[in-house]
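>
Residue numbers (this note's numbering): 136 to 225.
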């Protein structure tokens, strides 16, 4: 059984209002960064898992994203999957 690391990125869909993003943009403007035109806030999740194959790991992570890690009504997600070292798990 192989160990895998999934780096999951969850972002709001473009049509969804992002109050934290607006607050960060305004804060950056207050600090003098007037060239910032938009900010979107999201989530970054690392998940370690065991699976027989890369395809099995991808299927499992995709299912986790659809069922728990992202709200498919208002969020999109992407992930990168890589083999994990035994020492990299925390």
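Idealized CB from N, CA, C, for every residue including glycine.
(1) Inspect the CB distances between the region 185-199 and the region 148-161 and report whether three or more fall short of 8 Å.
(2) Please state whether the Cβ-Cβ distance between residue 145 and residue 177 is less than 8 Å.
(3) For residue 212, is the classification buried or exposed, using 16 other Cβ atoms within 10 angstroms of its Cβ as the cut-off for buried?
(4) Assuming the contact rule is C-beta atoms closer than 8 Å, residue 217 and residue 140 should be a hit. Round their C-beta distance to whole Å, please.
(5) Is it right to say residue 208 is buried, meaning 16 or more other beta carbons lie within 10 angstroms of its own, or is it exposed?
Quick answer:
(1) Under the 8 Å Cβ criterion, the region 185-199 does not count as touching the region 148-161, having fewer than three qualifying pairs.
(2) Yes, Cβ-Cβ distance for residue 145 and residue 177 is below 8 Å.
(3) Burial call: buried.
(4) With a Cβ gap of about 5 Å, residue 217 and residue 140 count as contacting.
(5) Flag for residue 208 reads exposed.
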